[in-house]
Amino acid sequence: MKDYIYQRVLDTAEYILQNNATVRQTAKKFCVSKSTVHKDVSDRLFFVDKALYEKVKIVLNKNMSERHIRGGIATKNKFKTQA
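This is the structure we're talking about:
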């Protein structure tokens, strides 16, 4: 793994933990695609730092379980402002 990828994997994982960030928020912060962030924290991080991988996995699973709620709130706000 190239050095810049290795560092990006660690940086994105730390950002997700510190901010309880979603993949989308993290991608925006680091100016990379959501696919890249997902690949970094779900595949590459496991080989870089297993302990950090387990912590990030907990945050991502929490985000996944809450995403239908956030989507509903966003839709509600969208139609509230249009009315």
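Numbering follows numbering that gives the first Met the number 0, in which position 29 of the sequence shown is assigned residue number 28; successive positions increment by one, without gaps. Backbone N, C-alpha and C define an ideal beta-carbon position, used for all residues, glycine too.
Quick check on this structure: which residue in 18, 5, 1, 2 has the alpha carbon closest to the alpha carbon of residue 55? As a first step, residue 55 is located in the sequence shown; it is residue number 56 there, counting from the start. The candidate whose alpha carbon is nearest that of residue 55 is 18.
Around the C-beta of residue 72, are 16 or more other C-beta atoms found within 10 angstroms, so that it is buried, or is it exposed? In the sequence shown, counting from the first residue as 1, residue 72 sits at position 73. Of the other Cβ atoms in all chains shown, fewer than 16 fall within 10 Å of the Cβ of residue 72; this residue is therefore exposed.
If you count every other CB in all the chains shown that lies within 10 Å of the CB of residue 50, and 16 or more means buried, which is it? Reading the sequence shown from its first residue, position 51 is the one you call residue 50. Exposed: under 16 other Cβ atoms inside 10 Å.
Under 8 angstroms Cβ to Cβ from residue 48, same chain only, skipping five residues before and after it: list those, please. Within the sequence shown, residue 48 is the residue found at index 49, counting from 1. Only 9, 12 meet the Cβ criterion.
Rounded to a whole number of angstroms, what is the C-alpha to C-alpha distance between residue 61 and residue 6? Along the sequence shown, one-based indexing puts residue 61 at 62. Along the sequence shown, one-based indexing puts residue 6 at 7. Those two C-alpha atoms are separated by around 25 angstroms.
Might you give, ordered along the chain, the residues of its own chain that have their beta carbon closer than 7 angstroms to the beta carbon of residue 39, omitting 5 neighbours on each side? Position 40 of the sequence shown holds residue 39. Its chain contains 7, 8, 11 as the residues whose beta carbon lies nearer than 7 angstroms to that of residue 39, once the 5 sequence neighbours on both sides are disregarded; these appear in chain order.
From 4, 63, 74, residue whose alpha carbon lies closest to that of residue 23: In the sequence shown, the residue the question calls residue 23 occupies position 24. The residue with the shortest Cα to Cα distance from residue 23 is 63.
Name the residue from 46, 53, 3 whose alpha carbon lies nearest to the alpha carbon of residue 84. Outside the displayed span of the chain (0 to 82) sits residue 84, for which this structure offers no information.
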